[in-house]
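A.B. asks: One structure follows; several queries about it will come next.
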Amino acid sequence: MSGGELWLRRRLLVMVLVLALRASGGEIAGSPEEETRLRVGFYRAKCPVAEDVVLAEMRAILEEDPTLAPSLLRMHYHDCFVQGCDGSIMLRSRSGKGERDATPNRSMRGYDAIQRIKARLETVCRLTVSCADIIAMAARDAVYLSKGPWYDVETGRKDGDVSVAEYAENDLAPPDSNIVDVKTFFSVKSLNAKDIAVLFGCHSIGTSHCAAFQKRLYNFTGRMDQDPSLDARYAAQLKKLCPPGGHGHGHGGGGAKVPIDPGSGYTFDLSYYRHVLATGGLFQSDGSLRDDPVTRGYVEKLANASSPDEYFQDFAAAMVKMGRTDVLTGDLGEIRETCDGFVD
């Protein structure tokens, strides 16, 4: 059965449950223990249409702007790595000191999309679905709608009310990280070398500003040199797209944009791994996957794979694992009425 057929069948079942619940005027309550842990189907009793609303809105959002798919996937990663998956990346700061204002997030897009989904959910299940869970579900749907895998998202997160730019500056690996740095950033979140290789596959979709990788082209060691691990022909192509003297922050704050995975920028597939193995990838951190035996072995295996099935299974498992990072559940955190409120 295809993913679309499964979605349709689940949609029909959910609608039957909603009608039955409304007719009885009742509510099926979960046990106290179930309210304090993440699980698949957390909203099944209290808001059975939650995941279907998110998917329907995501279909509409990506039909209007397909470029938001990688942005919303990236948002989930940036949210989880800074104080855990708590939706704090959505909060705004009047003083310019929130996560949104941090260098890694200045090029982030998709805030309005998450708020749009939240507003829709508030009309059907008021103060029930957290912004943190919406971000996690939207990331899954962004992958699925980009021809990637469908996987069950654990839900039950609460929203945090702390958002500090400095935390984002310290907790997110910059694109010019080497493999030792990348492993350090990920290990703090209980993610291992295989998780790194799997989650970097997110770069299968999306684009980057030139500023995020220009150092590799023009000043790799501070001597006006090029990264020797970067394929010469690929570097020449990048130099045409990104001439020297571009402006912007190291995480991609300005200048022209180029696809992270050339030729397959909006399809979630294995071509990213072939690209990294052949050229060294766009970012130094992409190329660093070739410098560790575990990550290189995984890259080589997927670059030569005839089917994405194994990768899709690994990706689903890694996303679920990342989604458990320092979550707030039960009495911890809150359910905000709006995701993009002010933190100060």
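Here the sequence shown stands for residues -25 to -1, 1 to 319, where the numbers follow mature numbering (1 follows the signal peptide of the UniProt record, and there is no 0).
Every residue, glycine too, gets a C-beta built ideally from N, C-alpha and C.
These numbers come from a predicted model, not from an experiment.
1. Please determine, among 202, 103, 15 and 109, the residue with the shortest C-alpha to C-alpha distance to residue 51.
2. Is the stretch 52 to 63 touching the stretch 300 to 313 in the sense that three or more CB pairs, one from each, lie closer than 8 Å?
3. State the DSSP-derived secondary structure class of residue 165, mapped to helix, strand or coil.
4. If you run the structure through DSSP and keep just helix, strand and coil, what is residue 14?
5. Excluding the five sequence neighbours on either side, which residues of its own chain have a C-beta within less than 6 Å of the C-beta of residue 15, listed in chain order?
6. Please say whether residue 176 and residue 247 have beta carbons closer to each other than 7 Å?
7. Are residue 121 and residue 44 closer than 7 Å when you measure CB to CB?
8. How is residue 317 classed by DSSP in three states: helix, strand or coil?
9. Are residue 201 and residue 192 closer than 7 Å when you measure CB to CB?
10. Measure the C-alpha to C-alpha separation of residue 111 and residue 154 and round it to an integer number of angstroms.
11. Near residue 240, what residues of its chain come up, given a Cβ to Cβ distance below 7 Å and the 5 sequence neighbours on each side ignored?
12. Residue 232 by DSSP, collapsed to three states: which one?
13. Distance check for residue 92 and residue 32, CA to CA, integer angstroms please.
14. From the DSSP output, which residues share a beta bridge with residue 320?
15. How would you call residue 131, buried or exposed, if buried means at least 16 neighbouring beta carbons within 10 angstroms?
16. Tell me whether the beta-carbon of residue 291 lies closer than 7 Å to the beta-carbon of residue 245.
17. By the 10 Å Cβ neighbour count, where 16 or more other Cβ atoms means buried, how is residue 63 classified, buried or exposed?
18. Quick check on the DSSP output: what are the complete alpha helix (DSSP H) runs of length 4 or more inside the stretch 256 to 307, in order along the chain?
19. Around the Cβ of residue 171, are there at least 16 other Cβ atoms within 10 angstroms (buried) or fewer (exposed)?
20. Rounded to whole angstroms, what is the Cα-Cα separation between residue 162 and residue 123?
21. Since residue 67 sits in a beta bridge, which residues does DSSP pair it with?
22. For residue 312, does the three-state DSSP call read helix, strand or coil?
23. On the DSSP bridge list, what partners appear for residue 182?
24. Quick check: what's the CA-CA separation for residue 25 versus residue 313?
25. Can you tell me which of 276, 238, 185 and 237 puts its alpha carbon nearest to the alpha carbon of residue 217?
26. Please confirm whether residue 75 and residue 46 have their CB atoms less than 7 Å apart.
27. Below 8 Å on the Cβ atoms is my contact criterion, and I expect residue 257 with residue 195 to pass it. Report the Cβ-Cβ distance as a whole number of Å.
28. Thinking just about the alpha-carbon of each residue, which of 270, 204 and 287 is nearest to the one in residue 253?
29. Determine the extent of the alpha helix (DSSP H) in which residue 333 is found, giving its start and end residues.
30. Do residue 138 and residue 318 have their beta-carbon atoms positioned less than 7 Å apart in this structure?
31. Who are the Cβ neighbours of residue 173 in its own chain at under 6 Å, not counting the five residues just before and after it?
32. How close, in whole Å, do the beta carbons of residue 215 and residue 100 come, if the pair is a contact with beta carbons under 8 Å?
33. What residue does the alpha helix (DSSP H) around residue 38 start on, and which one ends it?
C.D. replies: By the coordinates alone:
1. Translated into the one-based positions of the sequence shown, residue 51 becomes position 76. Taking only the C-alpha atoms, the option nearest residue 51 is 109.
2. With the cut-off at 8 Å, the stretch 300 to 313 and the stretch 52 to 63 touch.
3. Translated into the one-based positions of the sequence shown, residue 165 becomes position 190. The three-state reading of DSSP puts residue 165 in coil, since its state is none of H, G, I, E or B.
4. In the sequence shown, counting from the first residue as 1, residue 14 sits at position 39. Three-state DSSP puts residue 14 in a strand.
5. Counted from its first residue, the sequence shown places residue 15 at position 40. Excluding the 5 residues flanking it on each side, residue 15 has same chain C-beta neighbours closer than 6 Å at 127 and 129, in chain order.
6. Position 272 of the sequence shown, counted from the start, is the residue given in the question as residue 247. Position 201 of the sequence shown, counted from the start, is the residue given in the question as residue 176. Going by C-beta atoms, residue 247 is nearer than 7 Å to residue 176.
7. Along the sequence shown, one-based indexing puts residue 121 at 146. Along the sequence shown, one-based indexing puts residue 44 at 69. Yes; because the gap between Cβ atoms is below 7 Å, this pair is in contact.
8. Taking the sequence shown and counting its residues from 1, the one referred to as residue 317 is at position 342. Note: residue 317 maps to strand in three-state DSSP.
9. Numbered from 1 along the sequence shown, position 226 holds the residue referred to as residue 201. Numbered from 1 along the sequence shown, position 217 holds the residue referred to as residue 192. The answer is yes: Cβ separation under 7 Å.
10. Position 136 of the sequence shown holds residue 111. Position 179 of the sequence shown holds residue 154. Taken atom to atom, the span from the alpha-carbon of residue 111 to that of residue 154 is near 26 Å.
11. Counting from one through the sequence shown, the residue named residue 240 turns up at place 265. Apart from sequence neighbours up to five positions away, the residues of its chain that approach residue 240 with a beta-carbon distance below 7 Å are 180, 181, 182 and 234, ordered along the chain.
12. Numbered from 1 along the sequence shown, position 257 holds the residue referred to as residue 232. Shown here, residue 232 sits in a strand according to DSSP, grouped into three states.
13. Looking up residue 32 in the sequence shown gives position 57. Looking up residue 92 in the sequence shown gives position 117. Taking the straight line joining both Cα atoms gives about 6 Å.
14. Residue 320 is absent from the structure shown; the chain starts at -25 and stops at 319.
15. On the sequence shown, position 156 is the one that residue 131 refers to. Counting the other CB atoms within 10 Å of its CB gives residue 131 a total of 16 or more, which places it among the buried residues.
16. Walking along the sequence shown from the start, residue 291 turns up at place 316. Walking along the sequence shown from the start, residue 245 turns up at place 270. In this structure, residue 291 sits away from residue 245, with a CB-CB distance that is not shorter than 7 Å.
17. Here residue 63 refers to the residue found at position 88 of the sequence shown. Its Cβ being crowded by 16 or more others within 10 Å, residue 63 is buried.
18. The qualifying runs are 259 to 262, 268 to 278 and 284 to 297.
19. For the purposes of this step, residue 171 is taken as residue 196 along the sequence shown, with counting starting at 1. Residue burial annotation: residue 171 is buried, with at least 16 other C-beta atoms found within 10 angstroms of its C-beta.
20. Looking up residue 162 in the sequence shown gives position 187. Looking up residue 123 in the sequence shown gives position 148. If you draw a straight line from the Cα of residue 162 to the Cα of residue 123, it comes to about 26 Å.
21. As a working note, residue 67 is residue 92 in the sequence shown. Partner(s): 317.
22. The residue given as residue 312 occupies position 337 in the sequence shown. DSSP places residue 312 in coil when its eight states are reduced to three.
23. Walking along the sequence shown from the start, residue 182 turns up at place 207. Residue 182 pairs with 234.
24. One-based indexing of the sequence shown puts residue 25 at position 50. One-based indexing of the sequence shown puts residue 313 at position 338. Their backbone Cα atoms lie some 16 Å apart in a straight line.
25. Within the sequence shown, numbered from 1, the residue matching residue 217 stands at position 242. Ranking 276, 238, 185 and 237 by Cα distance to residue 217 puts 185 first.
26. Within the sequence shown, the letter at position 100 stands for residue 75. Within the sequence shown, the letter at position 71 stands for residue 46. No, the Cβ-Cβ distance between residue 75 and residue 46 is not below 7 Å.
27. In the sequence shown, counting from the first residue as 1, residue 257 sits at position 282. In the sequence shown, counting from the first residue as 1, residue 195 sits at position 220. That pair is no contact at about 14 Å.
28. Walking along the sequence shown from the start, residue 253 turns up at place 278. Across the set 270, 204 and 287, the C-alpha of 204 shows the shortest separation from the C-alpha of residue 253.
29. Any answer about residue 333 is impossible in this case: the structure gives the chain only from -25 up to 319.
30. Against the sequence shown, residue 318 aligns to sequence position 343. Against the sequence shown, residue 138 aligns to sequence position 163. Taking 7 Å as the Cβ cut-off, residue 318 and residue 138 qualify as a contacting pair.
31. Along the sequence shown, read from residue 1 onward, the residue named residue 173 stands at position 198. Closer than 6 Å at the Cβ level, and outside the excluded window around residue 173, lie 289, 290 and 293.
32. Reading the sequence shown from its first residue, position 240 is the one you call residue 215. Reading the sequence shown from its first residue, position 125 is the one you call residue 100. The pair is not a contact, with the Cβ atoms about 51 Å apart (cut-off 8 Å).
33. Mapped onto the sequence shown, residue 38 falls at position 63. Residues 25 to 39.
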